[in-house]
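Working notes, structure below.
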DNA sequence: ATAAAGTAAGTGACCTATTACTATCCTAAC
DNA sequence: GTTAGGATAGTAATAGGTCACTTACTTTAT
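Shown next as structure tokens:
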């Protein structure tokens with residue numbers, strides 16, 4: 001128990017900053033997370049943030065990097081363990097839902113970032129993240145079509161859009177209810193309908 | 001053609017203000033539409049807005065009223081003309097997509113409003129709007145189940161969430177591509193999968 | 001003539017980023 | 001080991017900008 005304050009290293013502070021942003025986004029509108037709010041959450045003064053980041057956008061970029069890495073890794077690992085394409089899609093979905101339930105601010109940050117006017121780096125990072133995500137979906141779906149598990153006439157592009165929309169719908173519902181727990185509760189039922197829409201009729 | 005400026009009535013200005021907000025939301029991040037931007041769009045000075053609205057939130061409230069009325073009316077009219085519940089759902093979906101394609105800022109405003117921290121009136125208006133919307137969906141789906149057109153085991157609540165998520169996914173895709181035209185192009189394919197997910201297997 | 005609509009110029013609040021200064025850490029020489 | 005001293009992390013204060021809203025005054029409509 002140190003009485004006196006203790007300085008953290010640059011890398012530790014960067015990680016702690018990202019964590020603060022992710023946590024704050026879960027509690028309030030991501031659009032108005034101020035540098036003061038981030039610093040307060042970390043027990044620092046506002047100016048201290050600019051020792052580790054050149055500007056606020058750089059903080060958002062670091063956060064997007066964190067999100068991209070964590071989300072894709074978790075989703076990939078979930079898909080790996082599945083024994084069929086359709087099972088992999090379901091595992092991917094549930095891993096994603098689990099991630100979102102733990103970090104409810106994340107999908108809201110991504111959506112907000114996409115809406116920003118300028119050509120910011122953070123925005124482009126979100127775009128490539130989603131495109132990578134969709135690519136994984138399409139690959140799995142093509143495999144499922146070949147295997148006969150998924151509808152042979154399935155429009156993969158549309159199915160990928162709907163996959164993401166499914167999550168977005170659940171996020172919206174949790175915002176409506178004001179309860180994050182809704183996401184986990186409603187996810188299986190919603191995915192069941194989605195699955196029915198892409199499966200082959202046996 | 002009047003050379004000299006001409007004053008509009010209070011009601012005309014209120015309507016013009018709402019239109020300016022809806023138009024601006026289509027072009028930029030709804031979150032940072034300033035009163036100055038609204039006034040500029042109308043050819044007024046910023047302060048003039050406060051002759052017709054007590055504060056900025058009141059402008060948003062008026063906009064939400066406008067959205068709610070227009071959207072529900074159009075969607076209801078579309079559903080009316082259909083000859084079966086499933087057809088009504090599809091007509092409702094397409095009418096909604098048509099509305100969103102014409103006013104791309106609207107779904108983004110709604111989502112943004114839901115994220116606001118406080119218990120603002122505009123936020124509550126969005127909540128009730130979506131609940132009314134879902135109620136219509138559930139009613140149609142129950143009718144479709146009774147009629148045998150939709151899956152007898154369909155989870156209507158989940159299906160309503162997914163219906164809205166479907167639109168949200170299309171909006172996200174249009175943001176990714178930067179083209180609103182994407183929405184209209186991709187809508188039929190996405191809805192086809194949705195429909196397959198809720199229909200009864202004949 | 002009186003009320004309503006609009007203007008121009010503020011005011012205060014808040015937000016990002018900078019600056020001048022201080023505290024802590026780390027390492028190399030004694 | 002202790003300690004001088006540079007590098008790094010942090011503070012407090014503030015500059016500069018933007019935004020919502022107000023006020024004093026002017027223009028238009030009835």
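Protein chains in written order, with the UniProt record's numbering: chain A, 1 to 202; chain B, 1 to 202.
Virtual Cβ for every residue (Gly too), placed ideally from N, Cα, C.
Can you list, in chain order, the residues of its chain with a C-beta nearer than 8 Å to that of residue i? Leave out the 5 residues immediately preceding and following it.
| i | result |
| --- | --- |
| residue 20 of chain A | 38, 41 and 42 |
| residue 167 of chain B | 93, 96, 97, 100 and 107 |
| residue 169 of chain A | 190 |
| residue 202 of chain A | none |
Starting from the C-beta of residue i, find all residues in its chain whose C-beta is less than 7 Å away, skip the five residues before and the five after it, and write them out in chain order.
| i | result |
| --- | --- |
| residue 185 of chain A | none |
| residue 134 of chain B | 160 |
For residue i, which three-state DSSP category applies?
| i | result |
| --- | --- |
| residue 12 of chain B | helix |
| residue 154 of chain A | coil |
| residue 149 of chain B | coil |
| residue 199 of chain B | strand |
| residue 119 of chain B | coil |
| residue 28 of chain A | coil |
| residue 2 of chain A | In this prediction, residue 2 of chain A scores a pLDDT of 40, lower than 50, which makes its location untrustworthy; the coordinate-derived value is nonetheless stated afterwards. In the structure shown, residue 2 of chain A sits in coil (DSSP, three-state: anything other than H, G, I, E or B). |
| residue 82 of chain B | coil |
| residue 63 of chain A | helix |
| residue 44 of chain B | coil |
| residue 77 of chain A | helix |
| residue 58 of chain B | helix |
| residue 96 of chain B | helix |
| residue 188 of chain B | helix |
| residue 104 of chain A | coil |
| residue 130 of chain A | helix |
| residue 7 of chain B | coil |
For a contact meaning CB atoms closer than 8 Å, what does residue i contact in chain A?
| i | result |
| --- | --- |
| residue 201 of chain B | 201 |
| residue 158 of chain B | 186, 189, 190, 192 and 193 |
| residue 114 of chain B | 172, 175 and 176 |
So residue i contacts chain B; which residues on that side make the cut at Cβ distance below 7 Å?
| i | result |
| --- | --- |
| residue 117 of chain A | 28 and 29 |
| residue 168 of chain A | 165, 168, 169 and 172 |
| residue 130 of chain A | 176 |
| residue 150 of chain A | Neighbours of residue 150 of chain A on chain B: none; closest Cβ ~11 Å, over 7 Å. |
By how many angstroms is the C-alpha of residue j removed from the C-alpha of residue i?
| i | j | result |
| --- | --- | --- |
| residue 70 of chain B | residue 97 of chain B | 13 Å |
| residue 76 of chain B | residue 149 of chain B | 20 Å |
| residue 83 of chain A | residue 139 of chain A | 15 Å |
| residue 161 of chain A | residue 72 of chain A | 17 Å |
| residue 34 of chain A | residue 28 of chain A | 11 Å |
| residue 190 of chain B | residue 60 of chain A | 32 Å |
| residue 53 of chain B | residue 24 of chain B | 18 Å |
| residue 14 of chain B | residue 196 of chain B | 43 Å |
| residue 171 of chain B | residue 104 of chain B | 8 Å |
| residue 193 of chain A | residue 182 of chain B | 24 Å |
| residue 200 of chain A | residue 86 of chain A | 11 Å |
Apart from the five residues on each side of it in sequence, which residues of its chain come closer than 6 Å, Cβ to Cβ, to residue i?
| i | result |
| --- | --- |
| residue 113 of chain B | 122, 123 and 126 |
| residue 46 of chain A | 35, 36 and 39 |
Mind pulling the chain A residues with CB within less than 9 Å of residue i?
| i | result |
| --- | --- |
| residue 198 of chain B | 193, 196 and 197 |
| residue 8 of chain B | What residue 8 of chain B touches in chain A: nothing, since even the nearest Cβ is about 29 Å away. |
Run down chain B in chain order and give the residues with a C-beta less than 8 Å from the C-beta of residue i.
| i | result |
| --- | --- |
| residue 108 of chain A | 115 |
Got a sec: does the ligand PLP put a non-hydrogen atom nearer than 6 Å to the Cβ of residue i?
| i | result |
| --- | --- |
| residue 148 of chain A | Among the components modelled here there is no ligand, and therefore nothing to report on the ligand PLP. |
Going along chain A in order, which residues have a C-beta closer than 7 Å to the C-beta of residue i?
| i | result |
| --- | --- |
| residue 161 of chain B | 169, 170, 173, 186 and 190 |
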